[in-house]
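Peer 1: Residue numbers (the working numbering): 77 to 472. Built from N, CA and C at the ideal position, the CB exists for glycine as well. Sharing a structure here in structure tokens format.
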Ligand SMILES: Cc1ncc(COP(=O)(O)O)c(C=O)c1O
């Protein structure tokens, strides 16, 4: 076989994404783009703010030596200093430019930190349902994935998490606002999590790093502010990006921030810069780093996502689906009316509705709808969602 067995095996595990994508192409060809209700992708579609475009054009118009050249692998010092200042104001910890590494998105940041700290077979705990790429990122760096559970309201089950922590645990990954549930962890939950991890670190005699993956942090609803674990746990590492809150997913710009309270943060940062280089990222895109520095206070119009959240949530409840109202991100994760979520999404496909089964997020019995789609798509899909639910309940 021309490709590695491990890659072939990983590809087969990630086949859901490919399957949905291929089904979408076939259905759209057969019935027309506007007849297919595609909720399978998390590709942000709300326009970037006009001010972003203005800054981008101004930066792109500049000429001069090395404007598009390599810079320090850590990223431009001015960009990092501005991000550090923002973090300091928001969190109250003494972040400096030295605590920040500019990365190719949150995905780049997660890979960099895992490569930097994992020994082979070190355990990395994820909480299901979770963004399934974590599985592959952990494998990239020879870690072992351990899955902890959520409570019935789809928040981390700390009792279960406590039982999953062993002397081999090196990392816990959390993601708030969450993909796929849309849930946001509040201060009380993060504080309890911080207490648990501190206690466990003391018991096992080495730090457990908490990777807080927060690319949706500023997409929160009803006036909420997303709390940060930095305030509750010293070994916290933030991975984030501007993919979602500025709709820049294709530009691959994000960053990693180490808590100033981590004892060996300087050594870890030196190693992370090396990892960023040898993973082949070298540095984050130059032009985007210069633009981002000037627009850190900007974000897309979150009200647009909130309106869609209201629409899809009300619609699903009205149909009779069991579902928790999302507090952030642009996903909703209802219960499948039949235990077999794959059979359920196949029924949705017969109504030209594309959604992702819970099994793709290690949480069977649910399905994910991404509402990064125009309101007319939500409106158009509701009759089909209702029909499939009725079909399933009649056959029960
Ligand atoms: C939870 C989560 N983390 C990380 C990423 C990666 O985002 P990016 O690398 O574009 O910042 C995504 C993308 O969908 C995500 O949903």
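(1) Pair every Cβ in the region 132-148 with every Cβ in the region 359-366, then say whether three or more of these pairs are closer than 8 Å.
(2) When burial is assigned at 16 or more other CB atoms within 10 Å of the CB, is residue 114 buried or exposed?
(3) Which residues neighbour ligand 1 when neighbourhood means a C-beta less than 6 Å away from any of its non-hydrogen atoms? List them by chain order.
(4) In or out: residue 186 buried (at least 16 other Cβ within 10 Å) or exposed?
(5) Since residue 272 contacts residue 237 with CB under 8 Å, what's their CB separation in whole angstroms?
(6) As an exercise, report each continuous alpha helix (DSSP H) stretch of at least 4 residues that is fully enclosed by the region 394-427, in chain order.
(7) Check whether the Cβ atoms of residue 100 and residue 430 lie closer than 8 Å to each other.
(8) In the DSSP assignment, find the alpha helix (DSSP H) that holds residue 116 and state where it starts and stops.
(9) For residue 62, which residues in the same chain have their Cβ closer than 6 Å to its Cβ, ignoring the five residues on either side in sequence?
(10) From what residue to what residue does the beta strand (DSSP E) around residue 248 run?
(11) So, with DSSP's three-state summary, where would you put residue 145?
(12) At least one CB of chain C closer than 8 Å to the CB of residue 106: is that the case?
(13) Check whether the region 362-381 touches the region 213-222, counting contact only when three or more Cβ pairs, one atom from each stretch, lie closer than 8 Å.
(14) Which one of 79, 415, 380, 345 has the shortest CA to CA distance from residue 454?
(15) Nearest CA to the CA of residue 239: which residue from 134, 121, 275, 217?
(16) Could you tell me which residues DSSP pairs with residue 178 in its beta bridges?
(17) With a 10 Å radius around its C-beta and 16 neighbouring C-beta atoms as the bar for buried, classify residue 107 as buried or exposed.
(18) At 4 residues or longer, what runs of the alpha helix (DSSP H) sit wholly inside the region 190-226?
(19) Are the region 406-418 and the region 443-461 touching by the rule of at least three beta carbon pairs closer than 8 Å?
(20) Apply the 10 Å Cβ neighbour rule to residue 459 and answer buried if 16 or more other Cβ atoms are within range, or exposed otherwise.
(21) Determine the direct distance from the alpha carbon of residue 190 to that of residue 215, and round the result to whole angstroms.
(22) Around the C-beta of residue 181, are 16 or more other C-beta atoms found within 10 angstroms, so that it is buried, or is it exposed?
(23) So residue 306 packs on residue 177, CB below 8 Å; how close in whole Å?
(24) Do residue 345 and residue 175 count as a contact pair if the criterion is CB distance below 8 Å?
(25) Just checking my contact of residue 158 with residue 369 at CB under 8 Å: how many whole Å lie between their CB atoms?
(26) Using only the alpha-carbon positions, how far apart do residue 391 and residue 280 sit?
(27) Between 421, 292, 323, 301, which has its C-alpha nearest residue 28's C-alpha?
(28) Does residue 423 pass the burial test, meaning 16 or more other C-beta atoms within 10 Å, or should it be called exposed?
(29) Assuming residue 421 and residue 433 form a contact by the criterion Cβ under 8 Å, report the distance between their Cβ atoms to the nearest whole angstrom.
(30) Between which residues of its own chain and residue 388 is the CB-CB distance below 8 Å, once the five residues before and five after are set aside?
(31) Within 10 Å of its beta-carbon, does residue 282 have 16 or more other beta-carbons around it, so buried, or fewer, so exposed?
(32) May I ask you to list the residues that DSSP assigns as paired with residue 443?
(33) Apply the 10 Å Cβ neighbour rule to residue 167 and answer buried if 16 or more other Cβ atoms are within range, or exposed otherwise.
(34) Could you tell me the boundaries of the alpha helix (DSSP H) in which residue 465 lies?
(35) Using only alpha-carbon positions, find the residue among 139, 173, 356, 401 that is nearest to residue 153.
Peer 2: So, from the listed chains and residues:
(1) Verdict: yes, contact present.
(2) Position 38 of the chain shown, counting from 1, holds the residue named residue 114. Classification for residue 114: buried.
(3) With 6 Å as the limit between CB and the heavy atoms of ligand 1, the residues that fall short of it are 118, 181, 182, 183, 207, 251, 255, 289, 291, 317, 319, 325, 330.
(4) Counted from its first residue, the chain shown places residue 186 at position 110. So residue 186 ends up on the buried side.
(5) What you label residue 272 is simply residue 196 of the chain shown in a count that begins at 1. What you label residue 237 is simply residue 161 of the chain shown in a count that begins at 1. Indeed, because the Cβ distance is near 7 Å, the residues count as touching under 8 Å.
(6) You should have 417-426.
(7) Reading the chain shown from its first residue, position 24 is the one you call residue 100. Reading the chain shown from its first residue, position 354 is the one you call residue 430. Contact: yes.
(8) As a working mapping, residue 116 is identified with position 40 in the chain shown. In the DSSP assignment, residue 116 falls outside any alpha helix (DSSP H) and carries neither an H nor an E.
(9) The question about residue 62 has no answer here: the residues shown for the chain are numbered 77 through 472.
(10) For the purposes of this step, residue 248 is taken as residue 172 along the chain shown, with counting starting at 1. Per DSSP, the unbroken beta strand (DSSP E) holding residue 248 starts and ends at 245-251.
(11) Numbered from 1 along the chain shown, position 69 holds the residue referred to as residue 145. Here residue 145 sits in coil by DSSP.
(12) Absent here is chain C; the protein component of the structure consists of one chain.
(13) Verdict: no, contact absent.
(14) Counting from 1 along the chain shown, the entry for residue 454 is found at position 378. Out of 79, 415, 380, 345, 380 has the C-alpha closest to the C-alpha of residue 454.
(15) Taking the chain shown and counting its residues from 1, the one referred to as residue 239 is at position 163. Per the Cα distances, 275.
(16) Reading the chain shown from its first residue, position 102 is the one you call residue 178. Partner(s): 331.
(17) Counting from one through the chain shown, the residue named residue 107 turns up at place 31. Residue burial annotation: residue 107 is exposed, with fewer than 16 other C-beta atoms found within 10 angstroms of its C-beta.
(18) The region 190-226 contains these whole alpha helix (DSSP H) runs: 209-216.
(19) By the Cβ test, the region 406-418 is in contact with the region 443-461, since at least three Cβ pairs between them sit closer than 8 Å.
(20) The sequence position of residue 459 within the chain shown is 383, counting from 1. With fewer than 16 Cβ atoms within 10 Å of its Cβ, residue 459 is classed as exposed.
(21) Translated into positions along the chain shown, residue 215 becomes position 139. Translated into positions along the chain shown, residue 190 becomes position 114. Between residue 215 and residue 190, the alpha-carbon positions lie close to 10 Å from each other.
(22) By one-based count along the chain shown, residue 181 stands at place 105. Burial call: buried.
(23) Numbered from its first residue, the chain shown carries residue 306 at position 230. Numbered from its first residue, the chain shown carries residue 177 at position 101. A Cβ-Cβ distance of about 16 Å is found for the pair residue 306 and residue 177, leaving them out of contact under the 8 Å criterion.
(24) Position 99 of the chain shown holds residue 175. Position 269 of the chain shown holds residue 345. Cβ atoms of residue 175 and residue 345: closer than 8 Å.
(25) The sequence position of residue 158 within the chain shown is 82, counting from 1. The sequence position of residue 369 within the chain shown is 293, counting from 1. About 5 Å; that satisfies the 8 Å criterion.
(26) Here residue 391 refers to the residue found at position 315 when the chain shown is read from its first residue. Here residue 280 refers to the residue found at position 204 when the chain shown is read from its first residue. Going by the C-alpha atoms only, they are around 48 Å apart.
(27) No answer is possible for residue 28: it lies beyond the span of the chain, which begins at 77 and ends at 472.
(28) The residue labelled residue 423 in the question sits at position 347 within the chain shown. Under this definition residue 423 is a buried residue.
(29) Against the chain shown, residue 421 aligns to sequence position 345. Against the chain shown, residue 433 aligns to sequence position 357. Between residue 421 and residue 433 a beta carbon distance of about 5 Å is seen, short of the 8 Å cut, so the two are scored as contacting.
(30) For this step, residue 388 is matched to residue 312 along the chain shown. If we look at residue 388 and ignore the five residues flanking it on each side, its Cβ neighbours are 408, 445, 447, 454.
(31) Residue mapping note: residue 282 aligns to position 206 of the chain shown, counting from 1. Around the CB of residue 282, fewer than 16 other CB atoms lie within 10 Å, so the residue is classed as exposed.
(32) Stepping through the chain shown from its first residue, residue 443 is reached at position 367. Per DSSP, the beta-bridge partners of residue 443 are 433.
(33) What you label residue 167 is simply residue 91 of the chain shown in a count that begins at 1. Buried, since its Cβ has 16 or more Cβ neighbours within 10 Å.
(34) By one-based count along the chain shown, residue 465 stands at place 389. Going by DSSP, residue 465 is part of the alpha helix (DSSP H) stretching over 451-470.
(35) Taking the chain shown and counting its residues from 1, the one referred to as residue 153 is at position 77. Comparing Cα positions, the closest option is 173.
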